[in-house]
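Colleague: In numbering that gives the first Met the number 0, the protein residues as written are 0 to 100. The beta-carbon is built from N, C-alpha and C at its ideal position, and this holds for glycine as well. Sharing a structure, written as structure tokens. Questions coming.
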Amino acid sequence: MAKKLDDKEVYELLKRLWEQNIKPHMLFLLLKTHEDGNFHRGKQLVDQGYDLTEVYDGIEILVAKGDLTRSGKKTKITAKGQRVLKLVDAVIESASKIIIT
């Protein structure tokens, strides 16, 4: 189970994501898409209506960070990416308490 984060930790994590030019919602979407452990193409998400630039920029950042691995035009989640996805789930749970709706 992921560590329970307090509001300040959530703030700092989201800020670091923003500073790395990856939008938190794209990080979640990309990792969640790859959660099954299979290879996927960014084109699948673009075809579903997601922004092309956000998808491909996000993939490049996640590959560079080691959260995804590339084989040709396809990407697959790594063990590190699986751990990050669990943390993202914890951040989302905590962030839902501080987001104004």
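Taking 7 Å as the cut-off, decide whether the C-beta atoms of V87 and D66 are in contact.
Modeller: One-based indexing of the sequence shown puts residue 87 at position 88. One-based indexing of the sequence shown puts residue 66 at position 67. No, these two residues do not count as a Cβ contact at 7 Å.
Colleague: Less than 7 Å between the C-beta atoms of F38 and K75, yes or no?
Modeller: Mapped onto the sequence shown, residue 38 falls at position 39. Mapped onto the sequence shown, residue 75 falls at position 76. For F38 and K75, yes; Cβs fall inside 7 Å.
Colleague: Which partner residues does H39 have in the DSSP bridge list?
Modeller: Taking the first residue of the sequence shown as 1, we reach residue 39 at position 40. DSSP, once it has assigned bridges, lists T74 as partnering H39.
Colleague: Buried or exposed: where does S70 fall if 16 or more other Cβ atoms within 10 Å of its Cβ makes it buried?
Modeller: Position 71 of the sequence shown holds residue 70. Answer is exposed; the Cβ neighbour count stays below 16.
Colleague: Go ahead and pull the three-state DSSP assignment for D4.
Modeller: As a first step, residue 4 must be located in the sequence shown, where it is residue number 5. Per the sequence presented here, residue 4 reads as Leu, with Asp not at that position. In this structure, L4 counts as coil in the three-state DSSP scheme.
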